[in-house]
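Residue numbers (this note's numbering), protein chains in the order written: chain A, 139 to 452; chain B, 139 to 452.
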């Protein structure tokens, strides 16, 4: 098994997903200090803000950390220049074609990982020369694939097809799930929701409490005509859902969504009118905990599972 | 771990899902003879047909087998009487409230398992006195839950909440997936799609070939306004999808679906005009194999995974 601990020089095969409005330097450095790989989510940052977060993260941890860059913003060139200039060593790209930036970043000696939701893009990313892929299933929060393939099925589909390490994402809410993902061939996991609700997350407290309160079945993949995105149930979601059920067009949905809707909900705490991106594991979260405690719990759960399964043959 | 091999007196913790139009006595007896638990799917059978299948199954295998009964048909009382009279020892119920029939069947000494897609119904089934539950995730074929919870998340949600054995279903397409499900606390798995496409399945050959040809992302959860059902992409699905996108009402969808649509597609081989129920693992199936070979492959995959994960601690 190609283990991502060697690839990233980290202790545990746990990556904290780069999430808009949740993962600034505080969260990323806390995860890295606890032995995982912290990622600053550049998706919600102006280039100058990102620079500040990278600098603060370097001060807060001596461990490796990275930056996640969704490749759909006009400022991507500028973002990449900052990443290189500030000496970031690991970049996760998502939501776009990895070709152009993979070559650029690899030339600078940066480790590159691309996020995919299907086999087709997994192979494209591999061809583009990335060092690893994140395979993200239907249960993941935020933007998601059109195929709706779940993490369990996606990992089975990619195994023996992709040669580079696969980092499983979507639905990872316990140490047992990390063990299961690695049994399915993953070389590690990326976790979003658990960290979005952590003490060090930059999400608004009101959003964190909504995550803690969420029961099962309270997130839905929405806005499939635009880009599918998994949202927590709230009055804004209800509006979208009703519009979709009555046959709203792409344009009408885009207008309903408007601008800055995620910031409003996740960062400013308007949990009724904002867009709240979170994964299905929200239903498993019942406490806002510090990162160190979350990771310690995951490791204990992993090892308990490993011991329980030890020597179990059919 | 409460293992279902003891509960059902079988060799391997593998149940073949009771599927309409696919799982008659030939499939069920083949699975039981290969060491799993075969289930006759009563959902697509008239009571007299079921009686015939039970009798043929008893002739074809000396091993335990069961019957799956969806609790939504008017003839359920009659079906249950036949099951008792014919001496069936194991019944899986689905799609309804397990209370009434669990008491009835348990009084006759029959082992009862109920299929659920969420925590709420898992607890209700446990309260009703069933011996085990099948926890079926979003990726499963055919009828599905409204919550869209994936198998990975559902297993994590049920663990430590349900005391009876959990049989994981949905997305199980390899021995590694069985191992992963058991790592997540399942006491066994239920597999549908792999067996729907087996040689012994009573599905029409044309449907089996459609399953083999299916790539990733070619099944979708549809008809959510009626009862969500995972279908294979075909012209009939396309019609449903377009109707849904243009805001069709429940009544319009019910009319479009009509009667006998699943039989038409899955049993009579009208793969364009019929309803083709199959899980996401359809994308992993590339050959129509005999049951014995499918199960041997699963066991080999399980043991290979167990050996690879052996002694792996964080």
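The C-beta atom is built at its ideal place from N, Cα and C for all residues, glycine as well. Since the structure is predicted, the reported quantities are computational estimates derived from the model, not experimental observations.
Top-ranked residue by Cα proximity to residue i, from the options
i                      : options                    : result
residue 336 of chain B : B:159, B:146, B:148, B:143 : B:159
residue 341 of chain B : B:264, B:384, B:415        : B:415
residue 203 of chain B : B:383, B:212, B:145, B:400 : B:145
residue 321 of chain B : B:304, B:287, B:246        : B:304
residue 436 of chain A : A:142, A:151, A:364        : A:151
residue 207 of chain A : A:236, A:440, A:294, A:333 : A:236
residue 156 of chain B : B:388, B:401, B:333        : B:333
residue 183 of chain A : A:211, A:386, A:297, A:228 : A:211
residue 323 of chain A : A:297, A:396, A:343        : A:297
residue 195 of chain B : B:217, B:216, B:220, B:163 : B:163
residue 378 of chain B : B:394, B:427, B:285, B:345 : B:394
residue 294 of chain B : A:363, A:192, A:366, A:439 : A:439
residue 381 of chain B : B:291, B:361, B:191, B:354 : B:361
residue 187 of chain A : A:199, A:388, A:213        : A:213
residue 350 of chain B : B:366, B:365, B:331        : B:331
Contacts around residue i, its chain only, beta-carbon distance under 8 Å, and the 5 residues preceding and following it disregarded
i                      : result
residue 289 of chain A : 273, 274, 275, 276, 277, 278, 306, 307, 308, 309, 310, 319
residue 433 of chain A : 150, 152, 169, 172, 173, 174
residue 143 of chain B : 149, 150, 151, 326
residue 356 of chain A : 370, 371, 420, 421
residue 358 of chain A : 368, 369, 371, 375, 379
residue 141 of chain A : 151, 303, 325, 326
residue 185 of chain B : 213, 216, 217, 220
residue 313 of chain B : 435, 436, 437, 438, 439, 440, 441, 442, 443
residue 192 of chain B : 163, 178, 205, 220, 221, 224, 226
Opening and closing residue of the alpha helix (DSSP H) in which residue i lies
i                      : result
residue 239 of chain A : 237-245
residue 297 of chain B : Counting along the chain, residue 297 of chain B falls outside any alpha helix (DSSP H), and DSSP gives it neither H nor E.
residue 459 of chain B : Given that chain B is displayed from residue 139 to residue 452, the structure contains no residue 459 of chain B and the question cannot be resolved.
residue 264 of chain A : 257-266
residue 439 of chain A : 429-447
Whether residue i touches residue j by CB criterion (8 Å)
i                      : j                      : result
residue 226 of chain B : residue 205 of chain B : yes
residue 369 of chain B : residue 406 of chain B : no
residue 448 of chain B : residue 448 of chain A : yes
residue 418 of chain A : residue 231 of chain B : no
residue 253 of chain A : residue 240 of chain A : no
residue 352 of chain A : residue 421 of chain A : yes
residue 373 of chain B : residue 411 of chain B : yes
residue 148 of chain B : residue 166 of chain B : no
residue 264 of chain A : residue 300 of chain A : yes
residue 325 of chain A : residue 281 of chain A : no
residue 267 of chain B : residue 238 of chain B : no
residue 216 of chain A : residue 189 of chain A : no
residue 270 of chain A : residue 302 of chain A : yes
residue 285 of chain A : residue 354 of chain B : yes
residue 383 of chain A : residue 385 of chain B : yes
Proximal residues to residue i (C-beta, below 7 Å), its chain only, five neighbours per side dropped
i                      : result
residue 444 of chain A : 317
residue 363 of chain A : 388, 391
residue 427 of chain B : 336, 337
residue 199 of chain B : 167, 170, 171
residue 408 of chain A : 402
Close Cβ partners of residue i (< 6 Å) along its chain, the five nearest in sequence each way excluded
i                      : result
residue 283 of chain B : 255, 256
residue 429 of chain B : 168, 169, 172, 336, 338
residue 450 of chain A : none
residue 197 of chain B : none
residue 260 of chain B : 254, 271, 296, 300
residue 181 of chain B : 158, 208
Limits of the beta strand (DSSP E) - the one that residue i falls within
i                      : result
residue 206 of chain B : 203-208
residue 131 of chain A : Since the displayed chain A opens at 139 and closes at 452, residue 131 of chain A lies outside it and no answer follows.
residue 419 of chain B : Careful: residue 419 of chain B lies outside any beta strand (DSSP E) and carries neither H nor E.
residue 230 of chain B : 228-232
residue 367 of chain A : 367-370
residue 249 of chain B : 249-254
residue 154 of chain A : 152-154
Test: residue i CB closer than 8 Å to a CB of chain E
i                      : result
residue 317 of chain A : Protein chains A and B are contained in the structure displayed, whereas chain E is not.
message = What are the residues in the segment 260-290 of chain A lying within 9 Å of chain B by C-beta distance?
response = 275, 276, 277, 283, 284, 285, 286, 287, 288, 289, 290
query = At a Cβ cut of 9 Å, what residues of the segment 349-362 of chain B count as close to chain A, listed as they run along the chain?
reply = Taking 9 Å as the upper bound on Cβ-Cβ separation, chain A lies near residues 353, 354, 355, 356, 357, 358, 359 of the segment 349-362 of chain B.
inquiry  = Can you pull out the residues from the segment 319-331 of chain B whose beta carbon lies closer than 9 Å to at least one beta carbon of chain A?
reply    = Listed in sequence order: 319, 320, 321, 322, 323.
ask   = Using a beta-carbon distance cut-off of less than 9 Å, what residues from the segment 378-409 of chain A approach chain B?
value = Flagged, chain order: 382, 383, 384, 385, 386.
key: Residues within the segment 226-257 of chain B neighbouring chain A, beta-carbon criterion of under 7 Å   = Per Cβ criterion, the list reads 256, 257.
Residues of the segment 409-423 of chain A whose Cβ lies closer than 7 Å to any Cβ of chain B, in chain order = Hits within the stretch, in order: 418, 419, 421, 422.
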